[in-house]
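Read the structure below first, then the notes.
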Amino acid sequence: MTSQYAYAALNATNLQAVNDAEASCCDEETEMGGSSSRSCCRSNILSRIKDVVQSNIGLLLIVASQAFMSFMNVSVKKLNSLDTPVPTLELVLVRMLITYMCCMSYMLLRGVEDPWIGPKGVRLLLVLRGVTGFFGLFGLYYSLRYLSLSDAVVLTFLSPLTTAISGSCLLGETFTKREALAGVLSLSGVILIARPTFLFGGMSLNEGSATESSQRLIAVGIALLGVLGATGAYTTLRAIGKRAHPLHAMTSFSAQCVVVSVIGLVATQTKLVFPSKIEWLLLLLLIGVFGFIAQVLLTMGLQRETASRGSLGIYTQIVFAGILERIFFHTAPSILSTIGTIVIITSALYVVLTKETTSTSKPIALEHIDDTSMEEGLLARSEGLSIGAMGHISVDDFMVGVASPSMKRAPSPRPREDATGLPGDKELLVEKSVLEEK
């Protein structure tokens, strides 16, 4: 055993010596100005880029998910601008029907337990999560009819504040004065975005659009209803915890959205709008595809990131929204909308970052209201796994059950290994001293 560990330590020393020699060789060749010098330096640059990407893979996945989410919102707004706008309930129905088929197919293929109604003990909570999540999605899609893309998106960032309040009332979580202050400031940001006529007069209309003030106020009201729906979804997921597979939550959410959408279409006697040209059908499909890809990427990213860094990635959606709004709709947010956006984002970041540093006993419900990917990410973070440990989890690993309560955890290697994959120095010293005593 002693010789084995001594050999491992020798290999580690040799590896370090080789790396030092390569670095020295590269430096010498750089001075000589040879062609191998350029190859060596190029290799070093690529190696550094690879290290940066690997150390920030979670954040990059989250940012990518927000790009897909923004493209989905653009598709929704484009559909609303057609000669025959698609009803909001129909948009929700199509989007979540695609999500449901994808999730259910994968669960059946991979043999996830209780794929249809979820595990016992949380089935009612899963239904409640799906129903409340429907209103969150409906609020966003409806607001996109009369609000700019950036205004509709930024209103969804109110959800961490309302979630903090509901968590305090229903789950006994701490609600601080700082969070209350951030909530008041966020409401002022909402007022700047809504711009009611009794406060702003002729400034209530924005971006040179034909949207009336009454329509804008209704859209803001529906968006705030969506924030409350997302709050109920996040609070319910906190109550569920890790008792359900993340795909159970995603499947239940999509299933309840389909059911409630059908009921709403029948109750309101809304006529379905059927595709009349390729562009129409393509946009409908893109809504479902972009939404599902965003969910998967965001879930994988949240598995590998902390709440605070994850929030920073999520807030990049407002950047994508502003850019895409300029490209596809040739509009820019007004000064008041920009100020309101800054106020809401600053308040939401303040809540997330201060809560991250003051209380780590409970997971933070991050802010996003238009789909399930964020909540699945929270569910999928299995207890005791570090970011480094999650770094090699693939999409298949996530789908099969990274966060499944019944999943067996692999035993920790003994002795503990350091970053080189060899036994750590402390363990080698302890083992050596024990053998010497024997």
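Here the sequence shown is numbered in the UniProt record's numbering, starting from 1 and rising by one per residue. Backbone N, C-alpha and C fix where the C-beta goes; we use that ideal spot for every residue, glycine too. A quick note: this is a predicted structure, and the numbers were derived from the prediction, not measured.
- Serine 43 is classed as exposed because its beta carbon has fewer than 16 other beta carbons within 10 Å across all chains shown.
- The segment 87-95 makes contact with the segment 258-269; the number of CB pairs closer than 8 Å reaches 3 or more.
- Taken through DSSP and simplified to helix, strand or coil, glutamine 269 comes out as coil.
- The straight-line gap separating the alpha-carbon atoms of serine 47 and leucine 298 is approximately 26 Å.
- Looking at Ala255, Lys177 and Leu224, the one whose alpha-carbon comes closest to that of leucine 128 is Ala255.
- In this structure, serine 65 sits near alanine 294, with a CB-CB distance shorter than 8 Å.
- For isoleucine 344 against serine 159, the beta-carbon gap comes to about 11 Å, at or over 8 Å, which does not count as contact.
- According to the DSSP assignment, lysine 78 belongs to the alpha helix (DSSP H) that extends over 57-80.
- Judged by DSSP secondary structure, leucine 126 falls within the alpha helix (DSSP H) whose first and last residues are 123-146.
- Taking C-beta separations shorter than 6 Å and ignoring five residues to either side along the sequence, the partners of cysteine 257 in its chain run Val92, Met96 and Phe134, following chain order.
- Distance from the CA of valine 53 to the CA of serine 213, rounded to the nearest whole angstrom, comes to 46 Å.
- Contact annotation, valine 112 with isoleucine 240: C-beta distance approximately 16 Å; criterion of less than 8 Å not satisfied.
- Counting only the Cα atoms, isoleucine 327 lies some 26 Å from isoleucine 222.
- The three-state reading of DSSP puts lysine 177 in helix, counting H, G and I together.
- In the three-state scheme derived from DSSP, where H, G and I count as helix and E and B as strand, isoleucine 117 is classed as coil.
- Around the beta-carbon of aspartate 51, fewer than 16 other beta-carbon atoms lie within 10 Å, marking it exposed.
- Isoleucine 62 sits buried, since 16 or more C-beta atoms from the chains shown fall within 10 Å of its C-beta.
- Cβ-Cβ distances below 7 Å link isoleucine 318 to Ser150, Val153, Val154, Thr341 and Ile345 in the same chain, with the five nearest sequence neighbours on each side left out; the list follows chain order.
- Taken atom to atom, the span from the alpha-carbon of leucine 124 to that of glycine 229 is near 17 Å.
- In terms of Cβ geometry, glycine 58 and glycine 301 form a close pair [threshold 8 Å].
- Annotated three-state conformation of arginine 243 is coil, per DSSP.
- Glutamate 325 is positioned such that its CB atom lies closer than 8 Å to that of threonine 331.
- Around the C-beta of methionine 101, fewer than 16 other C-beta atoms lie within 10 Å, and the residue is accordingly described as exposed.
- With a beta-carbon spacing of about 11 Å, alanine 219 and tyrosine 141 fall beyond the 8 Å limit used to define contacts.
- For proline 87, no alpha helix (DSSP H) run applies, since DSSP gives it neither H nor E.
- Sequence-distant partners of leucine 170 (beyond 5 residues in either direction) whose C-beta falls short of 7 Å from its own C-beta, in its chain, are Thr235.
- Relative to leucine 283, the option among Cys41, Ile339, Ser39 and Val76 whose CA is nearest is Val76.
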